Amino acid sequence: SQQGEEDPQALSIQEGENATMNCSYKTSINNLQWYRQNSGRGLVHLILIRSNEREKHSGRLRVTLDTSKKSSSLLITASRAADTASYFCATDAIYNQGGKLIFGQGTELSVKP
Amino acid sequence: DAGVTQSPTHLIKTRGQQVTLRCSPKSGHDTVSWYQQALGQGPQFIFQYYEEEERQRGNFPDRFSGHQFPNYSSELNVNALLLGDSALYLCASSLDRFTDTQYFGPGTRLTVL
Numbered sequence: 026s027q028q029g030e031e032d033p034q035a036l037s038i039q040e041g042e043n044a045t046m047n048c049s050y051k052t053s054i055n056n057l058q059w060y061r062q063n064s065g066r067g068l069v070h071l072i073l074i075r076s077n078e079r080e081k082h083s084g085r086l087r088v089t090l091d092t093s094k095k096s097s098s099l100l101i102t103a104s105r106a107a108d109t110a111s112y113f114c115a116t117d118a119i120y121n122q123g124g125k126l127i128f129g130q131g132t133e134l135s136v137k138p
Numbered sequence: 023d024a025g026v027t028q029s030p031t032h033l034i035k036t037r038g039q040q041v042t043l044r045c046s047p048k049s050g051h052d053t054v055s056w057y058q059q060a061l062g063q064g065p066q067f068i069f070q071y072y073e074e075e076e077r078q079r080g081n082f083p084d085r086f087s088g089h090q091f092p093n094y095s096s097e098l099n100v101n102a103l104l105l106g107d108s109a110l111y112l113c114a115s116s117l118d119r120f121t122d123t124q125y126f127g128p129g130t131r132l133t134v135l
């Protein structure tokens with residue numbers, strides 16, 4: 026079963042615009058991770074935020090985490106055509122031994138040149 | 023430094039057959055996890071191996087089994103294939119069972135006819 030729900034399911038923007046994707050989850054977590062997937066191939070790890078962190082940056086990526094609302098957001102600034110991909114949030118639930126990621130259904134991002 | 027590798031890339035089988043998928047983890051990683059990703063869905067956790075034993079398992083029937091070898095590579099076996107087993111099968115490795123970040127391979131696309 027999927028723990029996370031992502032919103033929107035699809036997002037289409039112009040190059041240079043910012044893209045924001047949201048993720049909600051159900052149980053308490055150790056950490057939340059964001060992954061990118063191009064054309065149904067392997068996932069690329071983007072960023073990990075721990076349950077005691079509220080915000081994290083990596084290049085053009087900014088992730089926020091609100092554990093009281095059980096939600097996270099991924100912001101991609103100044104988007105590029107190469108950012109076109111599916112983006113997934115994945116949670117590592119606190120009751121797991123670790124390493125069992127539960128993924129949302131993803132947001133399909135299209136960046137038009 | 024080689025990343026996670028998987029073989030084969032694509033596979034076509036018929037209902038009732040058995041299939042074996044292979045994964046070599048990233049150099050230095052000893053923990054391997056397997057995920058199933060149906061079309062349009064997020065990946066679902068199948069199981070995790072370290073120290074050559076299955077340590078965690080998702081909600082998958084016993085038709086799904088695995089193995090980890092002393093060199094940390096892993097196999098996923100699926101018996102009595104069903105049409106619903108058609109999916110992208112992803113292998114992920116991590117440095118050890120305590121490390122949160124997982125590195126994914128390109129996946130094996132299994133089609134069951």
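Chains as they are written, first to last, in my numbering: chain U, 26 to 138; chain F, 23 to 135. Here a beta-carbon is modelled for each residue, glycine too, at the ideal position from N, C-alpha and C. Fair warning: this is a prediction, and the values are worked out from it, not measured in the lab.
In the assembly as shown, Ser64 (chain U) is an exposed residue. Its beta-carbon has fewer than 16 other beta-carbons within 10 Å.
In this structure, Arg37 (chain F) sits near Leu103 (chain F), with a CB-CB distance shorter than 8 Å. Taking 7 Å as the cut-off between beta carbons, the residues of the region 32-64 of chain F near chain U are Thr53, Ser55, Gln63 and Gly64, in sequence order. In this structure Ala109 (chain F) does not touch Phe126 (chain F) by the C-beta definition: roughly 14 Å separates them, more than the 8 Å allowed.
A distance of 8 Å or more separates the beta carbons of Thr42 (chain F) and Tyr72 (chain F). The beta carbon of Ile54 (chain U) sits no closer than 8 Å to any beta carbon of chain F. Counting of Cβ neighbours within 10 angstroms places Asp108 (chain U) among the buried residues, the total reaching 16 or more.
Per DSSP, the beta-bridge partners of Gly88 (chain F) are F:Leu98. Contacts between Pro128 (chain F) and chain U, judged by CB atoms closer than 7 Å, involve Arg66 and Gly67 in chain order. Each of F:Gly64, F:Gly62, F:Gln39 and F:Gln58 was checked against the Cα of Gln70 (chain F), and the nearest Cα belongs to F:Gln58. Pro83 (chain F) and Asn99 (chain F) have their C-alpha atoms roughly 12 Å apart. The region 25-40 of chain F and the region 46-60 of chain U do not touch, with fewer than three beta-carbon pairs separated by less than 8 Å. In the three-state reduction of the DSSP assignment, Ala60 (chain F) falls in the coil class. The shortest CA-to-CA distance from Ser96 (chain F) to any of F:Thr121, F:His51 and F:Leu33 is the one to F:His51.
Among the residues facing chain F, Ile119 (chain U) is not included, as its CB has no counterpart in that chain under 8 Å away.
Boundaries of the beta strand (DSSP E) around Arg61 (chain U): Ile54 to Gln62.
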